[in-house]
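Top line first, the protein sequences correspond to chains A and B. So the number in my numbering is just where the residue sits in the first sequence, counting from 1, plus 1. So the number in my numbering is just where the residue sits in the second sequence, counting from 1, plus 1. Glycine included, every Cβ here is placed at the ideal spot set by N, Cα and C.
Number of protein chains: 2
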Amino acid sequence: MLFNTIGLSKYVPRDECNLPDDLTKEIARYKPIVEGIINASVNGVFKKRTWRTLARFVDKFGSRIAGSDNLEQSIDYMVDLLKKNQLENVHTEQALVPKWVRGRESCWLISPRLEKLNILGLGSSIGTPSKGITAHAVVVESFEELQKMGKEAVEGKIVVYNEPYISYEKTVKYRGYGAIEAAKLGAVATLIRSVTPFSIDSPHTGWQHYQENVTQIPTAAISIEVAEMLHRMFQAGDDILIYLFMEARNLPPVMSRNTIAEIIGHQHPDKVVLVSGHLDSWDVGQGAMDDGGGAFISWNALALLKILGLRPRRTLRSVLWTAEEEGLVGAAAYFHDHRNDVAAFDFVMESDEGTFQPLGLSFSGSHDAGCILKEILKLMRPLNATQFATPMDGGPDIEYFTNVGIPGAALLNANERYFWYHHSQGDRMTVEDPINLDMCTALWAASAFVVADLSVDMPR
Amino acid sequence: MLFNTIGLSKYVPRDECNLPDDLTKEIARYKPIVEGIINASVNGVFKKRTWRTLARFVDKFGSRIAGSDNLEQSIDYMVDLLKKNQLENVHTEQALVPKWVRGRESCWLISPRLEKLNILGLGSSIGTPSKGITAHAVVVESFEELQKMGKEAVEGKIVVYNEPYISYEKTVKYRGYGAIEAAKLGAVATLIRSVTPFSIDSPHTGWQHYQENVTQIPTAAISIEVAEMLHRMFQAGDDILIYLFMEARNLPPVMSRNTIAEIIGHQHPDKVVLVSGHLDSWDVGQGAMDDGGGAFISWNALALLKILGLRPRRTLRSVLWTAEEEGLVGAAAYFHDHRNDVAAFDFVMESDEGTFQPLGLSFSGSHDAGCILKEILKLMRPLNATQFATPMDGGPDIEYFTNVGIPGAALLNANERYFWYHHSQGDRMTVEDPINLDMCTALWAASAFVVADLSVDMPR
């Protein structure tokens with residue numbers, strides 16, 4: 002790589018940048034282009050277009066879980082839409098994805114009093130027998146407490162986890178492994194407090210794991226409020242009896258597709274700057290936030306550049322991943338299929354933690370690539386979105402690339418409420434704001450364009 | 002009344018106070034007593050007691066709608082609890098209350114795509130025929146828009162209201178009268194955007210009205226998100242077909258009870274300072290906020306004073322109203338039954354807009370009574386709850402008294418999120434905070450005690 006060979010960072014501390022003057026000046030010269038992109042998105046021909054296209058999409062299809070006909074129809078729709086927007090090389094690439102089906106589900110507190118509890122079965126959970134499961138419950142706050150309780154107390158029971166929310170990263174293990182740990186002690190089902198800092202009695206679903214040689218038991222999310230209530234009842238010595246019914250089942254994998262569109266580079270058509278989000282969602286709400294917004298700023302960024310007649314040196318490739326929610330399945334297939342092209346990827350981008358007000362980019366990659374990105378972010382002053390953070394946070398699908406040293410970035414945005422809606426019925430279009438989406442599309446288009454058009458590759 | 006005869010405000014502007022020095026000094030002398038009350042509630046023997054007793058109550062009974070056996074059992078429980086807390090003259094007084102029963106309910110969007118919609122039927126609504134109603138929908142933002150649309154467009158349709166939220170007071174008319182206005186134009190049912198500024202796909206129920214000579218049609222609340230989605234679909238020209246099923250029905254009124262407990266005044270046992278909240282709730286969530294918190298600070302205020310051995314000159318009476326949600330039904334019966342005792346009521350208090358962090362009191366009544374209350378509120382500095390507002394807001398049941406000139410106050414508290422939970426499944430114990438409840442109980446007990454113990458009556 003040209004840029005790496007000049008060894009610019011040899012005598013510079015790792016947290017400081019010392020880009021060659023020529024490169025700094027080159028980046029600064031993109032100011033009018035970046036302003037044009039921002040202006041078109043925020044005030045011009047593209048104003049509210051990301052919101053409008055996203056609203057139409059999520060209203061038409063609703064939620065889009067991997068393995069569903071609905072997701073496949075929404076992919077067909079996207080292929081048409083990308084072609085209508087004059088994007089290039091529009092096509093799909095196959096990925097075999099899990100097919101988990103929720104079916105009907107219900108849960109009742111029977112003792113100490115009758116109350117229907119709001120639940121959402123967790124992805125990959127098996128169902129209950131057709132008559133449901135009726136069992137007494139024990140309530141714990143942690144895996145440690147469960148272990149202490151021991152097999153005698155847990156066997157034949159429904160284990161309720163009322164783990165406190167610390168952060169998504171730290172707390173999600175209860176959703177992911179709660180059923181395994183309870184089953185090891187003979188539990189017959191688990192109800193897991195939703196992984197969220199805020200609730201209006203709203204359960205949040207998400208993927209969970211089973212382990213070989215550990216009995217698979219049904220598992221569902223309950224709201225913060227219900228978990229806390231059951232915990233209080235348990236501590237008060239109430240006899241807690243719960244009825245759980247779930248039709249959930251895992252069917253054989255089916256073929257799905259990643260959806261791809263490009264603006265082909267005029268100088269290095271084989272070099273790729275990838276911008277992405279995932280098109281699939283959970284089977285609740287509308288998947289407008291997770292990750293409709295990320296997917297739609299990714300293809301609209303290209304559509305905007307196309308309208309403005311901006312074709313960079315390298316190819317800009319928008320990828321709308323499939324089956325992210327079941328464990329980055331679409332991205333894994335894509336990375337596998339392109340395992341011999343890795344050198345072609347100059348830079349990878351994903352937005353999968355909200356498209357609220359954009360603040361900048363979070364980054365993983367080499368020090369020198371980070372320095373270039375910081376310089377590019379200075380151009381985003383009109384958006385007030387110049388923040389640079391590292392490591393990258395919120396680009397799960399592109400970690401296949403960043404893990405092998407390809408520099409990448411995710412959207413930094415004012416997403417303090419992201420986990421309020423995440424994987425819940427509340428992930429609907431109302432969460433998305435037209436002006437924020439315009440600004441996200443602008444940031445996404447401008448930064449991807451500049452990276453793709455620079456005279457130098459992004460240093461590995 | 003002694004105080005009124007001295008005419009202290011004759012030459013004082015209405016917004017200024019000029020209390021007699023003796024009275025100002027008298028009020029100031031309550032400082033150690035008020036500090037003792039606050040200290041006992043926040044740090045002492047009563048710490049977390051309001052929260053604990055409320056949690057046990059709402060966990061045991063859950064929601065408590067008027068007309069239900071559950072509400073009556075919860076009233077029996079309260080009578081026992083008030084007696085166990087050594088309160089005096091514990092008894093109930095009858096009130097005939099509506100009995101509306103929700104039954105099962107469901108709603109499906111059939112076209113342009115199939116999706117189960119989260120609804121809550123509105124109180125007093127009739128049900129649908131047993132096969133449900135399937136009809137096309139029209140969506141409006143206001144009554145004006147509905148009128149413009151006219152009978153031809155509305156007849157045979159389900160009217161969806163997607164009214165923007167301005168404030169509860171200004172927006173609630175759509176819940177209250179939406180069915181009437183739609184039925185006048187021949188609509189077969191209405192779905193009304195929930196009256197709330199925030200939602201996680203959460204519908205909010207509440208009372209609604211029918212009008213004589215206007216056909217009664219079923220009516221239910223939908224979430225903000227769904228109302229907005231249906232509106233977008235309607236504006237896009239989609240053919241919206243909805244299936245609505247509701248078993249709701251109005252049964253004959255049944256006898257319920259207001260629950261009363263006292264600390265009898267040592268000098269003027271016939272003069273009453275009333276502190277109150279309502280014990281009934283909607284039939285969703287746990288009724289912990291609306292109005293478990295208000296009811297529980299009201300009787301715990303007396304229990305706290307009793308423990309501290311504080312008996313004021315006048316009688317302190319705690320009233321836990323029944324059937325507030327159906328239109329202040331318990332309070333109306335109580336006021337009617339006490340119509341010849343009105344002179345006995347010195348001051349009335351209610352908390353029915355949350356028991357978040359207390360800020361002070363809102364007040365309705367004479368200028369002079371307001372001046373006394375302002376002076377008393379100065380004693381609440383240790384709680385940082387000295388704010389005085391007027392007119393009173395959040396004391397619906399006691400308006401029967403304030404409307405005839407009896408001074409009254411409601412709890413001012415940091416209730417910015419009150420309507421996020423109000424009448425929804427999210428009105429659960431998780432909303433309530435132990436420290437805030439201690440502080441509310443302290444403010445409630447201290448201000449009620451001082452008013453009840455002053456040498457002068459509250460001026461009318």
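Closest Cα partner of residue i within the set the options
i: residue 426(A); options: 37(A), 50(A), 291(A), 47(A); result: 291(A)
i: residue 331(A); options: 237(A), 54(A), 260(A); result: 260(A)
i: residue 375(A); options: 357(A), 317(A), 33(A), 459(A); result: 459(A)
i: residue 401(B); options: 245(B), 339(B), 359(B); result: 339(B)
i: residue 56(A); options: 438(A), 451(A), 461(A); result: 438(A)
i: residue 1(A); options: 35(A), 98(A), 103(A); result: There is simply no residue 1(A) to check, as chain A begins at 2 and stops at 461 in what is shown.
i: residue 217(B); options: 238(B), 126(B), 239(B); result: 126(B)
i: residue 193(A); options: 307(A), 299(A), 209(A); result: 209(A)
i: residue 69(A); options: 144(A), 172(A), 283(A), 315(A); result: 283(A)
i: residue 422(A); options: 226(B), 274(B), 28(B); result: 226(B)
i: residue 351(A); options: 75(A), 289(A), 394(A), 52(A); result: 394(A)
i: residue 454(B); options: 381(B), 347(B), 411(B), 429(B); result: 347(B)
i: residue 258(B); options: 407(B), 428(B), 72(B), 285(B); result: 72(B)
i: residue 234(A); options: 113(A), 49(A), 30(A); result: 113(A)
i: residue 31(B); options: 246(B), 313(B), 407(B), 320(B); result: 313(B)
i: residue 42(B); options: 88(B), 307(B), 321(B); result: 307(B)
i: residue 286(B); options: 363(A), 201(A), 122(A), 366(A); result: 201(A)
Which of helix, strand or coil DSSP assigns to residue i
i: residue 417(A); result: coil
i: residue 189(A); result: coil
i: residue 136(B); result: strand
i: residue 172(B); result: helix
i: residue 124(B); result: strand
i: residue 117(B); result: strand
i: residue 308(A); result: helix
i: residue 1(B); result: There is no way to answer for residue 1(B), as the model of chain B reaches only from 2 to 461.
i: residue 299(A); result: helix
i: residue 348(B); result: strand
i: residue 162(A); result: strand
i: residue 111(B); result: strand
i: residue 324(B); result: coil
i: residue 148(A); result: helix
i: residue 205(A); result: coil
i: residue 318(A); result: strand
i: residue 28(A); result: helix
8 Å Cβ cutoff, residue i in contact with chain B
i: residue 109(A); result: no
i: residue 50(A); result: no
i: residue 79(A); result: no
i: residue 170(A); result: no
Within-8 Å CB hit, residue i to chain A
i: residue 202(B); result: yes
i: residue 437(B); result: no
i: residue 356(B); result: no
i: residue 268(B); result: no
- Residues within the region 222-236 of chain B neighbouring chain A, beta-carbon criterion of under 7 Å: 225, 226, 229, 230, 233, 234
- Would you list, in sequence order, the uninterrupted beta strand (DSSP E) runs of no fewer than 3 residues that lie entirely inside the region 238-287 of chain A? 242-247, 250-264, 269-279
- Counting only runs that start and end within the region 373-460 of chain A, where is the alpha helix (DSSP H) found for 4 or more residues in a row? 400-403, 419-422, 435-454
- Task: Give the residues from the region 240-264 of chain A that approach chain B closer than 9 Å (Cβ to any Cβ), ordered along the chain.
- Result: none
- Message: What ranges does the alpha helix (DSSP H) occupy inside the region 31-88 of chain A, keeping only unbroken runs of at least 4 residues that lie completely in it?
- Response: 32-43, 50-62, 70-85
- Item | Residues from the region 32-60 of chain B in contact with chain A, defined by Cβ distance under 9 Å | 56, 57, 59, 60
- At a Cβ cut of 8 Å, what residues of the region 63-75 of chain A count as close to chain B, listed as they run along the chain? 63
- Name the residues in the region 418-431 of chain B whose C-beta lies less than 8 Å from a C-beta of chain A; which are they? 421, 422, 425, 426, 427, 429, 430, 431
- Task: Pull out every residue of the region 279-298 of chain A whose Cβ sits closer than 8 Å to any Cβ of chain B, in chain order.
- Result: 286, 287
- the region 110-136 of chain A: positions lying closer than 8 Å to chain B by Cβ: 113, 114, 116, 119
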